[in-house]
Each structure stands twice: as C-alpha cells, then as structure tokens.
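For reference, the structure is listed below as structure tokens.
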Amino acid sequence: MRLTRRAALGLLAAPALSRAQGAARLLVVGGGFGGASAARFARTSYPELQVTLVEPQARFVTCPYGNLLLGGFRQIGDITHSYDGLQAAGIRLVQDWAAGIDAAARTVRLRGGGALAYDKLILSPGIALRWGALPGYDEAAAEVFPHAWMGGDGSQIELLRRQLEAMPDGGVVGISIPANPYRCPPGPYERISMVAAYLKRHKPKSKVLALDAKDAFSKQGLFQDGWKALYGGMVEWVPASQDGAVARVDPGEKVFETEFGTRHTLAVGNVIPPQSAARIVTASGLAAKTGWAEVDPLTFASRAAPDIHIVGDANNGAPMPKSAFVANNTAKQAVACAAAALRGQSPPEGVYFNTCYSHVGEAYGISIVGIFRPGPAGFVEVPDSGGVSPRGVLPEQRRLEAAYADAWYASITRDMFGG
Amino acid sequence: MQGMPWPIAVLLVLPLLGGAAVADPAPLAAQGCLGCHGPQGRGTGAGARLAGRDAAELDAILRDYRTDARQGTIMNRIARGYTEAELAAAAAYFAAVR
Chain A
8 MRLTRRAALG
18 LLAAPALSRA
28 QGAARLLVVG
38 GGFGGASAAR
48 FARTSYPELQ
58 VTLVEPQARF
68 VTCPYGNLLL
78 GGFRQIGDIT
88 HSYDGLQAAG
98 IRLVQDWAAG
108 IDAAARTVRL
118 RGGGALAYDK
128 LILSPGIALR
138 WGALPGYDEA
148 AAEVFPHAWM
158 GGDGSQIELL
168 RRQLEAMPDG
178 GVVGISIPAN
188 PYRCPPGPYE
198 RISMVAAYLK
208 RHKPKSKVLA
218 LDAKDAFSKQ
228 GLFQDGWKAL
238 YGGMVEWVPA
248 SQDGAVARVD
258 PGEKVFETEF
268 GTRHTLAVGN
278 VIPPQSAARI
288 VTASGLAAKT
298 GWAEVDPLTF
308 ASRAAPDIHI
318 VGDANNGAPM
328 PKSAFVANNT
338 AKQAVACAAA
348 ALRGQSPPEG
358 VYFNTCYSHV
368 GEAYGISIVG
378 IFRPGPAGFV
388 EVPDSGGVSP
398 RGVLPEQRRL
408 EAAYADAWYA
418 SITRDMFGG
Chain B
4 MQGMPWPIAV
14 LLVLPLLGGA
24 AVADPAPLAA
34 QGCLGCHGPQ
44 GRGTGAGARL
54 AGRDAAELDA
64 ILRDYRTDAR
74 QGTIMNRIAR
84 GYTEAELAAA
94 AAYFAAVR
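Here the protein sequences come in this chain order: A and B. When the letters of the first sequence are read in order and numbered with the numbering used here, they come out as residues 8 to 426. When the letters of the second sequence are read in order and numbered with the numbering used here, they come out as residues 4 to 101.
In structure tokens form, the structure reads like this:
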C-alpha cells in the first residue's frame, strides 16, 4: 500500500523534485519567522528528515524592524535576508507559491506546476489582508495609503518612507489601526513612535493622528509615557470610544472617515487593515469561521488535518500574540512533534516563549514577555510570569531594552537563516 | 530508514551535511534563550554569552531571577515562567557548549 502510494505521488512530482529514497519528508510552506525557523531547526535537529521549503520570494524582508526604516534608523538592506544559508545547510528550496493542499493525498500543489508530497507538513504562510473589509481599502488604495504590514519585497515600507520624506512640514500622518486580532499587537504603536521620531527631526510642525478601532492596546501606559517624554504633543491617539474607528477611506481625497462621520484629511495615510490567515489556509478548508486556523496546543496539528502543523500568524494562538518570536519558538515545537510522530514517539512537552520589544525612540525600548503552555482547551499563560517593562522614569532600563531589541533581531534572524 | 535506530541514521546522514559541525540542539524549553543570546547561547551584541559558563553559576543566576533575589532588566519576568527543572536543563545545555 505504501509503495503504491509513493509510486503514485512520484508521478505527480516534477523530475527535479524527486526525493532521496527512504527519508521521511518534512515539507515547510512559507519562509518567514515560522517557516524558516521550522526548516532550519528540522535540518539541524533531525537529520533523518528530508526538509523542503516552499517560498515564493527570493529574499525575506522582515516586518520586525521595518518601523525603524520609517524612523531613519535602518535601511532596507538591514532587514532583508537571503535563503542561501538554509540551502547550504541542506534544505531544498522550492521558489514557488503553494497553490493548494490535498490533505488526504498529502500533497501540496505548486502554482508553477507539479506537486510536492509530504509525510508531515509545516504550514506557516502568514496572513492575508482582507481587501474591502475596510470600505475603500483595496489593492489599488494600498498604492496611495500603504499598509506596510507584510514584508513582501519591501516596496510597501519603502513607499511609506518616501511619502513621509515627500510630505510638507505641518501635515498630518494618519494611521488606521484595526481591532484584534492582527499581526504584531504592539506594531502599530511602535510605528506611531518611529513616524514621530522622523517628524520630530525633519518636520517638527507635523503630527501623527492614530485612529484606533480599540480602546486599549499592548504596552499602552509605556507607549503613552514614551510619546509624552520624547514627542510632546506630536502624537494624538484616538480610541474607538472617542470616534477613533475608521469606517472608510478615500484615497482620491486623502481622507480617513470615522464611524461617526468625521473626515480627517491627511498628508500621508497608513492603513493597517483587518486580516485573516493567508489564502492557502482559508482556501484549503483549514481556517475556522474566524478566518484563523484552530490547532492542537501541544502539537500545532490542524484540527482539520492531523498531518498539517500550522504555525505563525495564521493560527489562533490566543492568548499568545501573533509575533515573530512566537512563530519562531512554536515552529520548533511543531517540528519536534512531527518528528516524534514519524518515529512513533510521544510528542514532547510544550512551553512557548515570547518577548516583543518595541522602540519608542532609537535608544528607548520597552518590552512585553509571555510564557505559555498547552492547556486542556487551548494555550494558557503561566501565572505570575511575564508582563511588561516597569513604568516610571527609568532611562537605563529604556536604553538597555533598546540594545536588547537589537540583540534579539540579530539573534533571531541568525536562528532562522543561519550565519 | 524506517526501522533503523535513529542514531545510526544520524551517522549515515551526517556526512551529507558537508562536514559542518552539528551540535546537539538546545532543549526545547531553552530554545527561547537563543532568540536573544545568539546561536547556542554564544552571545550577540547586548545579548550576554551563556555558552561555556559554569552550570551551577548559570542555574543559580536563573533561580535568583525567579525569586527576585537578583534584579535584571527583563530576565525576572522570563525566569518566573519556567520550572526549576527547565532552568537547570537550560543551564546544563549552555555550560556544555564549547
């Protein structure tokens, strides 16, 4: 039976994609914080696995530290990473889009033709932007009001940076922030900070108008303390209860319109739109009605398909945040569980780690820490652990946390890509 | 390789890695440390080097963070999330890295 199935799958695969005889096949879809981490961890920890990574982009531009481009503290090359190190480690890289999954046959169809067979699939495709969920915001509108919320080829974050450079002093930079859940809970507020840092230095008569669909946010007290200390009155954050929720955008008029009809005319507009799991997840029937994938909190196996482990922002990991560190860390548990199953062993115990640093200023960092474990009905934060940086006037703490953020970026990208 | 004891499989596959040094991976509970302290805890910038330090010293530091007997910048918040056994395993791993 097994030989027959393998023979059939062999016919599906293009000749160049044929596999070594015998090794268990771990296929990873998506080369971001979840997928690249999974592929490299599998390659270095489980030599019996043949590891293949499917990723359409030739290089990976990180979302983390993208905001520092807006502040002028990093260049695009600083946040762009090659897959050469993964290939050198023995991971087969297939530069293509995963177009569909046949969970019963355990194959992934490629947009460029052919299909890849797997014994276990690590699916880490990230998010999709829900075009049209915010009226007026579609792909064309994103060329006027960039989202800059997916790394892609870097063009979105660079567009936003160029718009800041081109705007007149005295203008308003609008940032539309969605309701939960979305990728990187503190990210919009770091973005506010980094835009303010740019404006303070180059366009001091300008301001940031942050319009939020929520009334509270991650590290709120720390961010607001930092804005006051560093940027004075340049930042205005408007919660939903004070008509902060943007109801539609008009790129032609450069206007954000709120729920109660207030029209804000902007020099630059950044729309962080509502999101869901990436299309491959929703199109393959792996997402719940929420738009996110439900997974087993110990193994990250899909509730809909047990040989598919879904990691990164695409799953519903609440109360874990959709963060790069969670993707990196939980991807390893998913790989360890897949490898254990292939060996006929029990899955290892799970403990999941997150730290999200945010730069309020170039040398002013704050953080939130969380440690989570699998529980009977989902993920559970370890009581009396984690939490945010202390509040108060603590310049050394802020300076150190900014330096630690830099160490985090250097460390985690090496963990993903080698080097 | 099904049916083959996996250490033998490792020996067979290792030469395919081009002679690259393959160290034992960090325990899963210590993988989070690598996010700031560099590959194998060898340190990166402000992320302190853990590799090659005395296991008992590392373990004592982690326990002191856990009880707030020692004040760190973020390590107190982190150490409280782990069991004493997990902290000891992390300390033993980093001490063994050469």
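Glycine included, every Cβ here is placed at the ideal spot set by N, Cα and C. Note that this is a predicted model, so its numbers are computed, not measured.
Sequence-distant partners of ASP103 (chain A) (beyond 5 residues in either direction) whose C-beta falls short of 7 Å from its own C-beta, in its chain, are VAL61, PRO63, LEU117, ARG118 and GLY119.
Under the three-state reduction of DSSP, VAL262 (chain A) is assigned to strand.
Comparing alpha carbon positions, the residue from B:LEU31, B:ARG45 and B:GLY35 closest to ALA99 (chain B) is B:ARG45. Contiguous beta strand (DSSP E) elements confined to the segment 204–254 of chain A occur at 214–219 and 242–245, taking only those with 3 or more residues.
Within the same chain, Cβ atoms closer than 6 Å to the Cβ of ILE108 (chain A) are found at VAL115 and SER291, the five residues on either side in sequence being excluded. Along the length of the segment 60–128 of chain A, whole beta strand (DSSP E) runs at least 3 residues long occupy 66–68, 87–89, 99–101, 105–109, 114–117 and 122–124, reported in chain order. In this structure, VAL36 (chain A) and ILE279 (chain A) do not form a Cβ contact; the two beta carbons are roughly 25 Å apart against a cut-off of 8 Å.
Within chain B, not a single residue places a beta-carbon under 8 Å from that of ALA325 (chain A); the smallest gap is close to 17 Å. Residues of the segment 73–88 of chain B that bring their beta carbon within less than 9 Å of a beta carbon in chain A comprise THR76, ILE77, ARG80, ILE81, ALA82, ARG83, GLY84, TYR85 and THR86, in sequence order. If you look at ILE419 (chain A), you'll find it isn't in any beta strand (DSSP E); it sits in the alpha helix (DSSP H) that goes 402–424.
Counting only Cβ-Cβ distances below 7 Å, ALA122 (chain A) has no contacts in chain B at all, with the closest Cβ about 23 Å away. Taking a cut-off of 8 Å for Cβ pairs, the segment 312–329 of chain A and the segment 158–178 of chain A do not touch, as fewer than three such pairs fall below it. A direct Cα-Cα distance of roughly 28 Å separates ALA106 (chain A) from GLY143 (chain A).
GLY48 (chain B) has a beta carbon lying within less than 7 Å of a beta carbon in chain A. Considering only beta carbons, the part of the segment 29–45 of chain B lying closer than 7 Å to chain A consists of LEU31, ALA32, GLN34, GLY35, LEU37, GLY38, CYS39, HIS40, GLY41 and PRO42, in chain order. Using a Cβ-Cβ cut-off of 7 Å, ALA343 (chain A) counts as an interface residue toward chain B, since at least one Cβ of chain B sits closer than that to its own. Per DSSP, the beta bridge partners of GLY276 (chain A) are A:GLY181.
Using a Cβ-Cβ cut-off of 7 Å, ALA414 (chain A) counts as an interface residue toward chain B, since at least one Cβ of chain B sits closer than that to its own. Taking the C-beta atoms as reference points, VAL68 (chain A) is found no nearer than 7 Å to LEU171 (chain A). Here the segment 386–394 of chain A makes no contact with the segment 252–266 of chain A; the two share fewer than three CB pairs at distances below 8 Å. Nearest Cα to PHE267 (chain A) within the set A:ASP250, A:GLY259, A:LYS261 and A:SER283: A:ASP250. Taking the Cα positions, ASP57 (chain B) is about 42 Å away from TRP234 (chain A). Between TYR53 (chain A) and ALA417 (chain A) a beta carbon distance of about 26 Å is seen, past the 8 Å cut, so the two are scored as non-contacting.
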